[in-house]
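In full-length UniProt numbering, the protein residues as written are 1 to 446. Glycine included, C-beta positions come from ideal geometry on N, C-alpha and C.
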Amino acid sequence: MAAAGGFGALGRLGRHAVRRAAALRAATQPRLRAFRVSGAQLQQPFNTSEEKPQFPGASAEFVDQLEFIQPNVISGIPVYRVMSRQGQIINPSEDPQLSKETVLNFYQKMTLLNTMDRILYESQRQGRISFYMTNYGEEGTHIGSAAALDSNDLVFGQYREAGVLMYRGFPLDLFMAQCYANADDLGKGRQMPVHYGSKDLNFVTISSPLATQIPQAAGAAYAVKRENSNRAVICYFGEGAASEGDAHAGFNFSATLECPLIFFCRNNGYAISTPTNEQYRGDGIAARGPGYGMLSIRVDGNDVFAVYNATKEARRRAVAENQPFLIEAMTYRIGHHSTSDDSSAYRSVDEVNYWDKQDHPISRLRHYMTARGWWDEDEERTWRKQSRKLVMEAFEKAERRLKPRPDLLFTDVYNEITPTLTKQRDSMWRHLQQYKEHYPLDLYDK
Ligand SMILES: Cc1ncc(C[n+]2csc(CCOP(=O)(O)OP(=O)(O)O)c2C)c(N)n1
Ligand SMILES: [Mg+2]
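Put into structure tokens, the structure is as follows:
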């Protein structure tokens, strides 16, 4: 209706008259927007009597010296942390004071993810699944951030955030079903391994093209704000994906539309073989926040409490004030990029070993727990055995399960299957009938 009325008016009055009328309306009507209006971003009042810049695009003073703005004037945005590498709380007022039960849950989720990664990685090496991506070294970013959200907050992931889904309660059976593309897979076997999704857990299905989730998350956060539903959206991405044009679109839309969105960048040092010093020339990803008018912070991603505190506060303010936040979590990708990569071709074993042995999110949390008498060697041994058993059981079950019925390939895009798809489906069945000796149809659901 509004669009039809608009075009009709355009025809009658002409484009300029419509623009003038709109400008007049805007100038004479009080601002009706219910949402936050940040003082810093308001234009300065229009006042031609003063010798000040009147450009609508910036609030600024004139200067009479030619000077370029230096990038990185402040050398290095600081890294917020709560715990030292030995798991000691540095500033007691920053201690989130989580209960023993909560901390043990963090630890168990981080280590379970690690165990699942080892088994699925090996399974790919043995040719049992087609592909895998490990999360080694980034467990703190997943669990710390996931724990700081409400369960109905919407998650957009990149692909290396399996711990977020695990924290939300996605069972091992479903992780395995997805990687095996078996009949229990929620995606019905249509995606590559690690492209998880769960409508029940508010986790949007992963898609391979980098950074597409960033503008989608901005759109979703805008919708959430319009619903006034007290929900936030979180969008995870790598420092490599942040170089995509889509990242700019997502950042700018969410800032200008004032959306309750947490941009969570996992800066793990590499985008496949591209190190960060070839990825960008500014001060990481956090430095881009001010350019978009976003509140930003850099945190130690290997400190699960620092990630938790930063995400919790960003989430609280994003919803209360309707504005996006940018968190850059500094971490290190200990594993290869994926099973299609061999990282020894572009980085040293010493470098990887440093992060694995001396600055690991799991050992840091374990130091913290041990110092409190919450965990010891015996408990560690028992849990390692128990978690391995849980993963192996799910793994064996997934491997035995049949594959999804082949004709599911044609469902779920349209509510009702279209004539063209019906033709293709029938032709597939004829083909399978004719050449059945070439297809292992007994491995598929009937
Ligand atoms: C549009 C697009 N370009 C390239 C790729 C290939 N690709 C997949 S992952 C990746 C690197 C991404 O690195 P980063 O965002 O830092 O995430 P990380 O893998 O380090 O977690 C690239 C180039 C892709 N999937 N999509
Ligand atoms: Mg990366």
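Outcome for residue i when other beta-carbon atoms lying within 10 angstroms are tallied against a minimum of 16
| i | result |
| --- | --- |
| Glu139 | buried |
| Gly50 | Going by the sequence as given, residue 50 is Glu instead of Gly. Classification of Glu50: exposed, given that the 10 Å Cβ count is below 16. |
| Ala320 | exposed |
| Lys357 | exposed |
| Gln158 | buried |
| Gly282 | exposed |
| Ala329 | buried |
| Leu120 | buried |
| Ala27 | Residue placement at Ala27 is poorly supported in this model, since its pLDDT is 43, which falls under 50; the coordinates still yield a value, given next. By the neighbour-count rule (16 or more Cβ atoms within 10 Å), Ala27 is not buried but exposed. |
| Val360 | Position check: residue 360 holds His in this sequence, whereas Val was assumed. It is buried - the Cβ of His360 has at least 16 other Cβ atoms within 10 Å. |
| Lys127 | For the record, residue 127 in the displayed sequence is Gly; it is not Lys. So Gly127 counts as exposed. |
| Asp300 | buried |
Sub-7 Å separation of residue i and residue j beta-carbons
| i | j | result |
| --- | --- | --- |
| residue 447 | Leu113 | No information on residue 447 is available, as it lies outside the stretch 1 to 446 that the chain covers here. |
| Cys265 | Glu227 | no |
| Gly293 | Ala255 | yes |
| His142 | Glu122 | no |
| Val391 | Thr115 | yes |
| Ile234 | His337 | no |
| Leu257 | Tyr222 | yes |
| Val79 | Arg317 | no |
| Gln54 | Thr339 | no |
| Ala177 | Pro215 | no |
| Asn230 | Thr331 | no |
| Phe263 | Gln213 | no |
| Gly87 | Tyr346 | no |
Own chain partners of residue i with C-beta closer than 7 Å, once the 5 adjacent residues on each side are dropped
| i | result |
| --- | --- |
| Gly197 | Leu186, Gly187, Phe203, Val204, Thr205, Ile206 |
| Glu379 | none |
| Asn152 | Asn202, Arg231 |
Close-in-space but distant-in-sequence residues of the same chain around residue i (CB under 6 Å, 5 per side omitted)
| i | result |
| --- | --- |
| Tyr270 | Arg333 |
| Leu32 | Confidence at Leu32 is low in this model, with a pLDDT of 34, below 50, so the placement of that residue should be treated as unreliable; the coordinate-derived value is given next. For Leu32, where only same-chain residues beyond five positions count, there are no Cβ hits under 6 Å. |
| Gly144 | Val304, Val307, Tyr308 |
| Leu210 | Ala241, Glu244 |
| Ala220 | Leu154, Val233 |
| Ala146 | Val164, Tyr167 |
Closest residue to residue i among the options (Cα-Cα distance)
| i | options | result |
| --- | --- | --- |
| Glu313 | Ser340, Phe325, Met392 | Phe325 |
| Gln323 | Gly282, Asp342, Leu261 | Leu261 |
| Gly163 | Ala220, Tyr236, Lys385, Arg128 | Tyr236 |
| Ala286 | Arg388, Ser75, Ala181 | Ser75 |
| Arg85 | Asn302, Ser145, Glu61 | Asn302 |
| Leu201 | Phe170, Ala221, Asn230, Met176 | Phe170 |
| Glu393 | Leu210, Ser343, Asp173 | Asp173 |
| Ala398 | Ser427, Asp412, Asp426, Leu443 | Leu443 |
| Asp117 | Val103, Gly127, Tyr132 | Tyr132 |
| Glu94 | Phe410, Ala310, Arg384, Lys385 | Ala310 |
| Pro290 | Ala345, Lys423, Gln97, Phe251 | Phe251 |
| residue 478 | Ser130, Gly373, Arg381, Tyr280 | In this structure the chain extends from 1 to 446, so residue 478 is not present and cannot be described. |
| Glu61 | Thr422, Ile69, Lys52 | Lys52 |
| Arg400 | Ala181, Ser99, Gln70, Asn152 | Ala181 |
8 Å CB neighbourhood of residue i in its chain, flanking five on each side removed
| i | result |
| --- | --- |
| Ser387 | Gln108, Thr111, Leu112, Thr115 |
| Asp445 | Ala183, Leu402, Lys403, Pro404, Arg405 |
| Ile90 | Arg81, Val82, Met83, Ser84 |
| Asp342 | His336 |
| Asp407 | Arg425, Met428, Trp429 |
| Pro419 | none |
| Tyr439 | Leu432 |
| Gly189 | Ala181, Asn182, Ala183, Lys403, Pro404, Leu408 |
Rounded distance between the beta-carbons of residue j and residue i, thought under 8 Å
| i | j | result |
| --- | --- | --- |
| Arg366 | Trp375 | 6 Å |
| Ile69 | Gly284 | Contact doesn't hold; Cβ gap of about 18 Å is too wide. |
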